[in-house]
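Step one of this worksheet: look at the structure below.
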DNA sequence: TACTTGACAGCAT
DNA sequence: AATGCTGCCAAGT
């Protein structure tokens with residue numbers, strides 16, 4: 001059996017699902033919170049296997065540059081940006097969003 | 001079985 | 001600022 005792999009994906013998905021609406025997180029953040037500090041790529045792979053109708057808010061995950069890592073002009077990229085904008089996340093002319101503003105900081109208010 | 005690729009990120013040059 | 005290397009881990013060729 002796969003042992004870990006399943007569990008890892010599950011953890012990643014849980015972390016992604018924990019990102020509040022209107023906020024974003026980087027692959028590195030997700031990886032770290034999932035317990036794999038430098039396995040940012042693993043996060044992308046986990047998200048990559050998600051079905052289109054998944055409930056996981058994968059669109060809230062962007063790269064360290066605050067940009068959508070998917071190929072620009074591609075459908076998924078377009079979808080991600082659209083969803084983020086719909087949640088109030090604004091993009092610069094550069095095609096990037098302000099991580100300093102939207103990044104899901106490890107705040108534990110309350 | 002070995003090498004390459006990929007929704008990344010951090011550091012060195 | 002731009003480019004290259006390394007680490008990380010799974011999947012594809």
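Numbering (our numbering), first residue to last: 1 to 110.
Ideal Cβ placement from N, Cα and C applies to all residues, glycine included.
Query, Result
"Check for me: the alpha helix (DSSP H) holding residue 23 runs from which residue to which?", "Where residue 23 is concerned, there is no enclosing alpha helix (DSSP H), given that its DSSP letter is neither H nor E."
"Ordered along the chain, which non-local residues of its own chain (more than five positions away) have a Cβ less than 7 Å from that of residue 39?", "31"
"Could you compute how far the alpha carbon of residue 7 sits from the alpha carbon of residue 15?", "12 Å"
"Could you pull the start and end residues of the alpha helix (DSSP H) that residue 49 belongs to?", "Element bounds for residue 49: n/a, residue is neither H nor E."
"Report back the beta-carbon spacing between residue 25 and residue 48 to the nearest angstrom; my notes put them in contact at under 8 Å.", "At roughly 16 Å, the Cβ-Cβ gap does not stay under 8 Å, so residue 25 and residue 48 are not in contact."
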